[in-house]
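Residue numbers (this note's numbering), protein chains in the order written: chain X, 232 to 391; chain A, 180 to 794.
Okay, here's the thing in structure tokens:
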């Protein structure tokens, strides 16, 4: 079963602990600017929204890479960058429709989420249900349950 | 370790920015933030310095845990001599600015001198330079942040700035970062304004490392779990914010009301945390939209509020119709109970004004409360106020006066003096609810005895954040004590003062101390820094900081006579509630406190004490 990093943005408080966990795992330092997951704050609508690679099944970045530096981790489904192969051409950053693969000027390679090898640290430190790591095929179940409950309540009300 | 070991020294007179090494010997003795910056400040400034002169300095400081994965690591501190108090000023803020500063590679920024014209400090990692801020002068905190982002073309910068209040000489101007987080008290923003320093804009991408990652991560994980499991930090604060206290403290009979003439407010339920979550009659929406977090904080006690757009204070003014920083307990109390106003929307508006213009809401609300009392007894008339009926409970008058104070207009200029100077000016010094020139906050010492000693001995003037004995006396943390007795409070206050100084110096939020003890914090610092750090070491650091601040104040001219309370608290008994008939029994607690501190009967740290603490 493939698991995915699932985002429930309405639960995000904007604490940026996920960015610190990510940067620590990958860079050995607490450095939100080098995190693969990013939390965006929208003042106008009072929302904090975490955003990260969703590990496309047919990944644009992987398709675009001219040196085959991006491969699929068979165990996790993550699209991973092999740093030794990456030439830093940045074509993947153009190909990705979501902007979730980015160039690191210090290493001269690209960085993206690799699901920490199958146990993402961002999820472990998130103090709310904003981030979870769940079965891809049931990612919508919580929302379905939520709306199903409302549907049921409506019938209940009209029956009364 | 997390120290970048770099201090940025900014000479505003010469326009220079220079890097110098952090004094690591001092860092071992004073830990960081409040402690280390106070050491730097007291080494470099004459205690008699005029706070608003070019000779005063202003320090922005991070702690060792600032910007790390430690819970609540967004804290940073401003150290200077307070414009309101003439005492050591230490004002601490959350938000994101402090972590950004550390990520830019600076442990501390020391501002000295005075610029000839308005400037802002622009920091991008190692690069720091002063730039012209003429276009921002006269603008609010909110507009200044927007202008800085536009000037940099970078939405990710973090800013700390002053609003109009910091420019126009208001004596309790705040330094506000991230639009609604503030180093609020004692007039640190006034000092910043006196130097023609409008703002600091910062972008940091260098990252922070710790000495022993495994130990550090284990300790932070354990602390996060304790915070999540604790009913105050895991549930009460996220749900209601600090406003969880309004009804609790009112029922305790310790909610200073109408300038401290009473200890319970009949309108408390209208302005507390529960009221913020209740749909309004006017538009069916609740004032509270959500909570939010500062950097690295799993508690998330920030309030995000949205006002009724048709409320008289904001009707026709769309800039106040969005979601902004909402009421905290202190602000709801000072702007509300202290003025007798129970209009939640009006208080929310006044709170916005404090963020926008950059003012301390505690001193603002309590000064208006004092002015209202003088208006009631005829010491101030409509001739003074420009026609405003400044009566207790008048929400329209409150909103108008807050506007005028932020802009320094009309009678607002006088409210901007703070209650001590205002009450002296109108012949009623006894009506200022202040200690060392700073107004006491939302806990009446007649109903919570420990807070009387807390206020009287606080080094930065009356304050709840130096030793929050409410935790013990009301909430039972770490153990319940009787709020109505002075017995044992000297020891309690000393222990809270020293521990709080250690939390502040570490660079984490004092709200963690509802759940964490120094035994929990010490392993994080031990994993972060070199050397051995235990809770005992941290308590010693806290005591050292307290005595250093005290010594500075004594050298500045304060004496034991300043360790007192407004006469009202010592002589006029509480009229209602559990504390009915009680006054503050400060006289019983103070001598015991001096003795426990190792100070002379005159409140001076003895040579033995100074030597024991290596001061």
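Note that the Cβ used here is the ideal one computed from N, Cα and C, for glycine as well. Here the structure is a predicted model, which means the values were calculated and not measured.
Coarse secondary structure for residue i, derived from DSSP in three states
i: residue 510 of chain A; result: helix
i: residue 326 of chain A; result: helix
i: residue 769 of chain A; result: helix
i: residue 490 of chain A; result: coil
i: residue 299 of chain A; result: strand
i: residue 253 of chain X; result: helix
i: residue 364 of chain X; result: strand
i: residue 182 of chain A; result: coil
i: residue 622 of chain A; result: coil
i: residue 484 of chain A; result: strand
i: residue 362 of chain A; result: strand
i: residue 497 of chain A; result: helix
i: residue 197 of chain A; result: strand
i: residue 642 of chain A; result: coil
i: residue 653 of chain A; result: coil
i: residue 443 of chain A; result: coil
From the options, residue whose alpha carbon lies closest to that of residue i
i: residue 766 of chain A; options: A:405, A:650, A:740 and A:233; result: A:740
i: residue 652 of chain A; options: A:366, A:633, A:545 and A:614; result: A:633
i: residue 708 of chain A; options: A:206, A:732 and A:660; result: A:206
i: residue 319 of chain X; options: X:338, X:373 and X:270; result: X:338
i: residue 360 of chain A; options: A:372, A:510 and A:521; result: A:510
i: residue 754 of chain A; options: A:529, A:431, A:655 and A:492; result: A:431
i: residue 398 of chain A; options: A:250, A:646 and A:778; result: A:250
i: residue 423 of chain A; options: A:727, A:621 and A:349; result: A:621
i: residue 314 of chain A; options: A:335, A:354, A:378 and A:464; result: A:378
i: residue 601 of chain A; options: A:549, A:583, A:628 and A:630; result: A:549
i: residue 350 of chain X; options: X:281, X:313, X:306 and X:292; result: X:306
i: residue 281 of chain X; options: X:340, X:316, X:366 and X:251; result: X:251
i: residue 664 of chain A; options: A:303, A:624 and A:446; result: A:624
i: residue 475 of chain A; options: X:302, X:346, X:353 and X:365; result: X:353
i: residue 353 of chain A; options: A:717, A:434, A:530 and A:329; result: A:530
i: residue 366 of chain X; options: X:302, X:276 and X:308; result: X:308
i: residue 644 of chain A; options: A:597, A:692 and A:434; result: A:692
Residue i, buried or exposed, once every other Cβ within 10 Å from all chains shown has been counted against 16
i: residue 485 of chain A; result: buried
i: residue 329 of chain X; result: exposed
i: residue 444 of chain A; result: buried
i: residue 325 of chain X; result: exposed
i: residue 456 of chain A; result: exposed
i: residue 568 of chain A; result: exposed
i: residue 356 of chain X; result: buried
i: residue 199 of chain A; result: exposed
i: residue 285 of chain A; result: buried
i: residue 439 of chain X; result: No answer is possible for residue 439 of chain X: it lies beyond the span of chain X, which begins at 232 and ends at 391.
i: residue 534 of chain A; result: buried
i: residue 573 of chain A; result: buried
i: residue 376 of chain X; result: exposed
i: residue 233 of chain X; result: exposed
i: residue 298 of chain X; result: exposed
Backbone CA spacing between residue i and residue j [nearest angstrom]
i: residue 688 of chain A; j: residue 668 of chain A; result: 24 Å
i: residue 579 of chain A; j: residue 343 of chain X; result: 53 Å
i: residue 277 of chain A; j: residue 760 of chain A; result: 45 Å
i: residue 503 of chain A; j: residue 381 of chain A; result: 22 Å
i: residue 466 of chain A; j: residue 649 of chain A; result: 27 Å
i: residue 609 of chain A; j: residue 780 of chain A; result: 26 Å
i: residue 273 of chain X; j: residue 562 of chain A; result: 46 Å
i: residue 677 of chain A; j: residue 642 of chain A; result: 15 Å
i: residue 369 of chain A; j: residue 735 of chain A; result: 19 Å
i: residue 726 of chain A; j: residue 351 of chain A; result: 25 Å
i: residue 521 of chain A; j: residue 570 of chain A; result: 13 Å
i: residue 715 of chain A; j: residue 771 of chain A; result: 23 Å
i: residue 373 of chain A; j: residue 360 of chain X; result: 46 Å
i: residue 290 of chain A; j: residue 357 of chain A; result: 20 Å
i: residue 795 of chain A; j: residue 335 of chain A; result: An answer regarding residue 795 of chain A cannot be provided, because it is not within the stretch 180 to 794 covered by chain A.
i: residue 243 of chain A; j: residue 704 of chain A; result: 8 Å
i: residue 773 of chain A; j: residue 666 of chain A; result: 15 Å
CB contact check: residue i to chain C, cutoff 8 Å
i: residue 348 of chain X; result: Structure shown: chain C not included; protein chains present are X and A.
Could you tell me which uninterrupted alpha helix (DSSP H) segments, each at least 4 residues in length, are contained entirely in the segment 374 to 408 of chain A, listed from first to last along the chain? 392 to 408
What residue ranges within the segment 250 to 310 of chain A form continuous beta strand (DSSP E) runs of no fewer than 3 residues, ordered along the chain? 255 to 260, 267 to 272, 287 to 291 and 298 to 303
Only counting runs of 4 or more residues, tell me where the alpha helix (DSSP H) segments fall wholly within the segment 518 to 546 of chain A, in order along the chain. 523 to 536
Extract the residue ranges of the alpha helix (DSSP H) inside the segment 650 to 719 of chain A, only unbroken runs of 4 or more that lie entirely within it. 668 to 685 and 697 to 707
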